[in-house]
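Just so we're on the same page, the working numbering is the position in the sequence shown counted from 1, plus 213. Positions of the beta carbon are idealized from the N, C-alpha and C atoms, including for glycine.
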Amino acid sequence: MTDEFRKIVDARDTATLTLSYVASDPIYCLEYDFYALLIDYERTVAAGAVTWKVEFTLDGTDWYQSSIYDGGVVTVNLDTESNVQREEITYGGVANEQEFFVYGPIEIDQFAKWMRVSVMEGGGDQGEEGDCGVKAVLSRRKQKAMN
């Protein structure tokens, strides 16, 4: 589904997860400012969880994983050390039924032409993988007409 300000893409049909990452097909994102993920997950064991990461590329060759930043403590007369690290996100199921949740909106890195979402079972062991589906909602900043 696409309209003037957004595009909705089935990044992953609901299916059984694996214990290693499986990437979606590349999603064209150059014309968009934000993304949100609509995720459905059903665990099979109490420890079940879905883990995902989002990556971006200029040309489909090198993929850059999103990261998380933690600002250091500012102290007068001392340099500040901050941390940045690649980010993976985990959602632990809380019910023995299909759950639906939203991750985002998150601003899209402006260099990115394509993005992809990779998911895996993050809590269960072999034979305990849950089911997961992902829709990516890409949106633009709404511009008002100027006279």
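Over what stretch of residues does the beta strand (DSSP E) that includes TYR304 continue unbroken?
In the sequence shown, counting from the first residue as 1, residue 304 sits at position 91. That run of the beta strand (DSSP E) goes 302 to 305.
Would you decide whether GLU334 is buried or exposed? Buried here means 16 or more other CB atoms lie within 10 Å of its CB.
Residue mapping note: residue 334 aligns to position 121 of the sequence shown, counting from 1. Result: buried.
Are the Cβ atoms of GLU255 and GLN311 separated by less than 7 Å?
Numbered from its first residue, the sequence shown carries residue 255 at position 42. Numbered from its first residue, the sequence shown carries residue 311 at position 98. Taking C-beta atoms as the reference points, GLU255 and GLN311 count as a pair closer than 7 Å.
In the DSSP assignment, find the beta strand (DSSP E) that holds GLY284 and state where it starts and stops.
As a first step, residue 284 is located in the sequence shown; it is residue number 71 there, counting from the start. Segment: none, GLY284 is in no beta strand (DSSP E) and carries neither H nor E.
Which runs of the beta strand (DSSP E) fall wholly inside the segment 226 to 265 and span at least 3 residues, in chain order?
With a minimum length of 3 residues, the continuous beta strand (DSSP E) runs that stay inside the segment 226 to 265 are 247 to 255.
Is it true that the segment 345 to 353 meets the segment 283 to 291, where meeting means three or more beta-carbon pairs spaced less than 8 Å apart?
no
N-terminal and C-terminal residue of the beta strand (DSSP E) that ASN296 is part of
Translated into the one-based positions of the sequence shown, residue 296 becomes position 83. Residues 296 to 299.
Considering only the beta carbon of each residue, do ARG299 and GLN278 sit closer than 7 Å?
On the sequence shown, position 86 is the one that residue 299 refers to. On the sequence shown, position 65 is the one that residue 278 refers to. Yes.
Please report how far the alpha carbon of ASP238 lies from the alpha carbon of ARG329, in whole angstroms.
Sequence index remark: in the sequence shown, residue 238 carries index 25 (1-based). Sequence index remark: in the sequence shown, residue 329 carries index 116 (1-based). Those two C-alpha atoms are separated by around 6 Å.
Within the continuous beta strand (DSSP E) that includes PHE314, where are the two ends?
Position 101 of the sequence shown, counting from 1, holds the residue named residue 314. Per DSSP, PHE314 belongs to the beta strand (DSSP E) from 312 to 320.
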